[in-house]
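Each remark here refers to the structure printed beneath this line.
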Amino acid sequence: MNATHPDSSKNAKSTIALSKPGPNGGISDRLQVIANGGSVPAEIHPAILDEDSVLDIRNFRLWYGEAQALFDINLSIPRGKVTAMIGPSGCGKSTLLRSVNRLNDLIDSVRITGDMILNGRSIYEPSVDVIELRKRMGMVFQKSNPFPMSIYENVIYPLRIDGERSHGVLDEVCERSLRGAALWEEVKDRLHESALGLSGGQQQRLCIARAISAEPDVLLMDEPCSALDPLATNKIEDLIDQLKGDYTILIVTHNMQQAARTSDYTAFMYLGHVVEYGPTETLFQKPLLQETQDYVTGRFG
Amino acid sequence: MIPTAAKDKPLNDSPTNADPTAPQRRAQRSTSSLLAYGEPMLWLTGGALTICLVMIIGLLVLIFYQGVSTFWPAPLVQITTIEDRTFMGEVTREEIFAPAETVFTQLAPEVAEQARRTVAANDGTAHRWLVRIGNFELTGDHFNWFSDFMIRDERRPEWAVTVERLSWGRFYGIPAAFLVDGAVVVDTSAQAWQRYKAHHGEIRKRWRQRRHLETHAIGKLNRQEEAARLDMRTALLEHGPDSARYAAARERLETVQRKSEIETAQLREQINALNTENSRYQLRLVTADGQEKNLALEEIVRAFPANRLSVTEKTAIYLSRWWEFFTDDPREANSEGGVFPAIFGTVVMTLVMSLAVVPFGVLAALYLREYAKAGPLISAVRIAINNLAGVPSIVFGVFGLGFFCYFVGGTIDQLFFSAKLPSPTYGTGGILWASLTLALLTLPVVIVATEEALAAVPGSMREGSYACGASKWQTIKRIVLPRAMPGIMTGMILAMARGAGEVAPLMLVGAVKLAPELPVDGIFPFLHPERSFMHLGFHIFDLGFQSQNSEAAKPMVFTTTLLLIVIIASLNLGAVLLRNRLRKKFASGVF
Chain S
9 MNATHPDSSK
19 NAKSTIALSK
29 PGPNGGISDR
39 LQVIANGGSV
49 PAEIHPAILD
59 EDSVLDIRNF
69 RLWYGEAQAL
79 FDINLSIPRG
89 KVTAMIGPSG
99 CGKSTLLRSV
109 NRLNDLIDSV
119 RITGDMILNG
129 RSIYEPSVDV
139 IELRKRMGMV
149 FQKSNPFPMS
159 IYENVIYPLR
169 IDGERSHGVL
179 DEVCERSLRG
189 AALWEEVKDR
199 LHESALGLSG
209 GQQQRLCIAR
219 AISAEPDVLL
229 MDEPCSALDP
239 LATNKIEDLI
249 DQLKGDYTIL
259 IVTHNMQQAA
269 RTSDYTAFMY
279 LGHVVEYGPT
289 ETLFQKPLLQ
299 ETQDYVTGRF
309 G
Chain L
2 MIPTAAKDKP
12 LNDSPTNADP
22 TAPQRRAQRS
32 TSSLLAYGEP
42 MLWLTGGALT
52 ICLVMIIGLL
62 VLIFYQGVST
72 FWPAPLVQIT
82 TIEDRTFMGE
92 VTREEIFAPA
102 ETVFTQLAPE
112 VAEQARRTVA
122 ANDGTAHRWL
132 VRIGNFELTG
142 DHFNWFSDFM
152 IRDERRPEWA
162 VTVERLSWGR
172 FYGIPAAFLV
182 DGAVVVDTSA
192 QAWQRYKAHH
202 GEIRKRWRQR
212 RHLETHAIGK
222 LNRQEEAARL
232 DMRTALLEHG
242 PDSARYAAAR
252 ERLETVQRKS
262 EIETAQLREQ
272 INALNTENSR
282 YQLRLVTADG
292 QEKNLALEEI
302 VRAFPANRLS
312 VTEKTAIYLS
322 RWWEFFTDDP
332 REANSEGGVF
342 PAIFGTVVMT
352 LVMSLAVVPF
362 GVLAALYLRE
372 YAKAGPLISA
382 VRIAINNLAG
392 VPSIVFGVFG
402 LGFFCYFVGG
412 TIDQLFFSAK
422 LPSPTYGTGG
432 ILWASLTLAL
442 LTLPVVIVAT
452 EEALAAVPGS
462 MREGSYACGA
472 SKWQTIKRIV
482 LPRAMPGIMT
492 GMILAMARGA
502 GEVAPLMLVG
512 AVKLAPELPV
522 DGIFPFLHPE
532 RSFMHLGFHI
542 FDLGFQSQNS
552 EAAKPMVFTT
562 TLLLIVIIAS
572 LNLGAVLLRN
582 RLRKKFASGV
592 F
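Chains as they are written, first to last, in our numbering: chain S, 9 to 309; chain L, 2 to 592.
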């Protein structure tokens, strides 16, 4: 943890000299600097700049108490695409994802600087209504978390809390969302049974249905398949493929193949820094950095 | 040593690893200490549980046996002692004892010698029976001990009758004659008994009619008069003695008084007529020692020839005693009759207490767990709440008396019932104050249980709700509370069990020895939260320790205890069923 301590940056070695891959050092140079508390600018592929971005993350930093977890994150998330975040455990992927819908606000010790711009408007301005903001984003968690109520009520929960009462609207949204989450055929006959009676994979798809029922701008997925078996994982990945285009999807994953299969863009993070960010194909085939190459081929991490 | 054992044990015990051809590894196993395998702990924990169960079941069996057998009609025994005195009564219990020398010196010398020989032949011990001899107005005793060496003769007279009366306790005797208007009509036991049976039903009916007139009709007149008097007092206090309103109210009171005087006189006439008719019939009984006693049939609640009863008749008497116990008011300083007001008071008080404590406790726990920022202050509050659970209940009683009865009740009296002062309305113990005091007492139970239930709601569910754009209150209302509801119900069950069984604070805030007026009845305004009430727990204490005739009250202690346990158990059962229904609603069948 001391590596990420803000004070340790004083002891950092040169931050400029090592910004390019060393001729003989290879894998560890950049990452070594980061581990020692230094900072290196992220390698951002120019292809991203051509895309229409829905979310801009600007100089975003985050601390848990005294410990800094995110360092100068600058990312722009393209509209209607799937963007994956990969990196070893504890690199801040989930923290970054939870910062997008300000779920980190619930933790008292969190401090942030910098900003995120969603559709041209800041997320972190004091005047922002967090509840309104979260309604524009859907989130799917690592572990499925259906509510202790019926399948129907689970799906329309976001509308319920908005005070929607029309049965016509609710029924329609429920069916559309469940179809969107490829769950309709399996549950249409038992919509009013407890959601806790579904299997793990069904529960996760139910959570996706819930996340898309309010038609969010951005869908956040925090390792949605890590607790699922390969079959259920396949279904969810197919689903992500179907959803892209309609929704901007930001997905955190530990699974390199999953990132390669499902995403259009990929950001590689390490200890709270973005190391490289670019189109998934390029990042996995011929990344700019040796470090990324080493990570995606499994030589470290 | 211990790690080896820990590693070896699963290998030895696991059936999948056992190779049938491999030799048993006894040698190695014997090197591990017994303690490492934990066998002694198994015996220790199992033994502790067994002891607990034995104690609890033993207590329950004792209460159940004693409580259930109380109402079974006992045969009557006539005993003649070696001193030539004759007694008759029911044997209530027996024991073996070693008589002291003083027992013999009190006897006449010639019988003392015989008694000494009997005891000596029995290794210096003797058997003795406690006999309920009744007839208090004649003997001055309710009970008497009879030792075996004192008894010369013992038999069961055919016509011996047990009489349960409205006052003076039980009477035991043999019917000698039946009297109408003071004249003997028949003079044999069998005929007198026939006549008794023929007349007793209608006389009891007239008696009930009279009681109804006294309590309801006259009570209604009294209430009207009281209301008019209160109106007058209010007018006096608000408008002064010279005002027109006061004069009008006074006029009204006088009208009401005149009217009620006439009506009361009419009612008295009816009552007197009933009384006169009833007092015509008497049953003459002869006691074991030859004394005669005329009992008015009106005074007799129940009488039966104890030694002539068939099993069916005994069962009928047994059931009728239970019925009386459940539905009637107590009599004879609570040692006879029923406990209906106490049952009613206990149930109403427990329900009102639950209604008060659950919302408060849940709200407090919600703030503590969901809204308050963790810190030293919140920790201190938590510790204080837990300590509150350890405060002696009598302290709550004192607080309830001071705060609820005197302060809150006194203020209410000042504001709304000033006409009745100085006699208090709310400013004294009552069922409302008792319920609130017990609510305070059981508050920690509810808060702690609710907090635990709230803490057990997974954080992922809350996050899911927040991520959907729910506010904190929406999350609590729609996700947290429903999910925590079974746990909250558990808290309520614990609170009810604790509150229904509590006695000490109730003595200060409203439970009384006798309160035939129920806190809920058909008289406007139907709910009377200011009334004092009877409580089964207090009733048990009163029977067991405050009764003049404690030996006679003893069986009732067991019966009442049994009843209280049954009531608490059924209240709990109701709450448990409710909780299980809720649980089923959120039943998780994930895998």
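The beta carbon of each residue, even a glycine, is placed where N, CA and C say it ideally should be.
| Check | Outcome |
| --- | --- |
| Along the region 111 to 122 of chain S, what residues have a CB closer than 8 Å to any CB found in chain L? | Leu-111, Leu-114 and Asp-116 |
| For the region 194 to 209 of chain L and the region 240 to 258 of chain L, state whether three or more C-beta atom pairs, one from each stretch, are separated by less than 8 Å. | no |
| Just mark Leu-378(L) as buried or exposed, buried being the case when its beta carbon has 16 or more other beta carbons within 10 Å. | exposed |
| Taking only the alpha-carbon atoms, compute the straight-line gap between Leu-150(L) and Thr-560(L) and give it to the nearest angstrom. | The sequence given here places Phe at residue 150(L); Leu does not occur at that position. If you take the alpha carbons of Phe-150(L) and Thr-560(L), they lie about 33 Å apart. |
| Answer with yes or no whether the minimum CB distance from Lys-101(S) to chain L is below 8 Å. | no |
| Taking C-beta pairs closer than 9 Å, name the residues in chain S that Pro-483(L) reaches, listed in chain order. | Phe-155, Pro-156 and Met-157 |
| Checking 8 Å against the spacing of the C-beta atoms, do Ala-217(S) and Ala-189(S) come in under that value? | yes |
| So, does the CB of Arg-142(S) fall closer than 8 Å to a CB anywhere in chain L? | yes |
| Quick one, are the C-beta atoms of Phe-144(L) and Ile-152(L) less than 8 Å apart? | no |
| Alpha carbon to alpha carbon, what distance is there between Arg-303(L) and Gln-79(L)? | 21 Å |
| Looking only at C-alpha atoms, which of Leu-364(L), Met-56(L) and Asp-414(L) sits nearest to Ile-477(L)? | Leu-364(L) |
| Would you check if the region 446 to 464 of chain L and the region 146 to 157 of chain S touch, i.e. whether three or more CB-CB distances between them fall below 8 Å? | yes |
| If we ignore side chains and look at the alpha-carbon of each, how far apart do Ser-84(S) and Leu-578(L) end up? | 56 Å |
| Taking 8 Å as the threshold (beta carbon to beta carbon), is Pro-49(S) in contact with chain L? | no |
| Can you find a CB in chain S that lies within less than 8 Å of the CB of Gly-470(L)? | yes |
| Give me the Cα-Cα distance between Ala-576(L) and Thr-451(L), rounded to the nearest whole angstrom. | 15 Å |
| Please return the same chain residues whose Cβ sits closer than 6 Å to the Cβ of Leu-509(L), not counting the five positions on each side in sequence. | Gly-398 and Leu-402 |
| Please state the DSSP three-state secondary structure of Ser-548(L). | coil |
| Flag this pair as yes or no: are the beta carbons of Ala-289(L) and Pro-76(L) separated by less than 8 Å? | no |
| Can you list, in chain order, the residues of its chain whose CB lies under 7 Å from that of Ile-204(L), leaving out five sequence neighbours each side? | Asn-279, Tyr-282, Leu-298 and Glu-299 |
| Interface residues of chain S around Ile-379(L) at Cβ under 8 Å? | Residues of chain S passing the Cβ test: none, with the nearest at roughly 13 Å. |
| So, using beta-carbon positions, are Tyr-273(S) and Pro-224(S) closer together than 8 Å? | no |
| Report the neighbours of Pro-166(S) on chain L: residues whose CB is nearer than 7 Å to its CB, in chain order. | Cys-469 and Gly-470 |
| What first and last residue would you give for the alpha helix (DSSP H) that runs through Met-497(L)? | 482 to 501 |
| Tell me whether Lys-585(L) is buried or exposed, calling it buried when 16 or more other Cβ atoms sit within 10 Å of its Cβ. | exposed |
| Tyr-285(S) and Leu-39(S) - do their beta-carbons sit closer together than 8 Å? | no |
| Pro-556(L) and Gln-67(L) - do their beta-carbons sit closer together than 8 Å? | yes |
| Are the CB atoms of Glu-531(L) and Leu-433(L) within a distance shorter than 8 Å? | yes |
| Helix, strand or coil, according to DSSP, for Gly-338(L) in the structure here? | strand |
| Mind checking Gln-210(S): buried by the 16 CB within 10 Å criterion, or exposed? | buried |
| Excluding five sequence neighbours on each side, which residues of the same chain lie with their C-beta closer than 7 Å to the C-beta of Met-157(S)? | Ala-203 |
| Between Gly-488(L) and Val-446(L), which are expected to be in contact by the criterion C-beta below 8 Å, what is the C-beta distance as a whole number of angstroms? | At roughly 12 Å, the Cβ-Cβ gap does not stay under 8 Å, so Gly-488(L) and Val-446(L) are not in contact. |
| With DSSP as the reference, identify every bridge partner of Asp-182(L), one or two as the case may be. | Note: Asp-182(L) sits in no beta bridge, so no partner. |
| With DSSP as the reference, label Thr-305(S) as helix, strand or coil. | coil |
| Quick one: which chain S residues come within Cβ less than 7 Å of Met-490(L)? | In chain order: nothing, as chain S lies at least about 15 Å away. |
| So, under 8 Å CB-CB, Thr-93(L) and Leu-131(L) are touching, yes? Tell me the CB distance rounded to an integer number of Å. | 5 Å |
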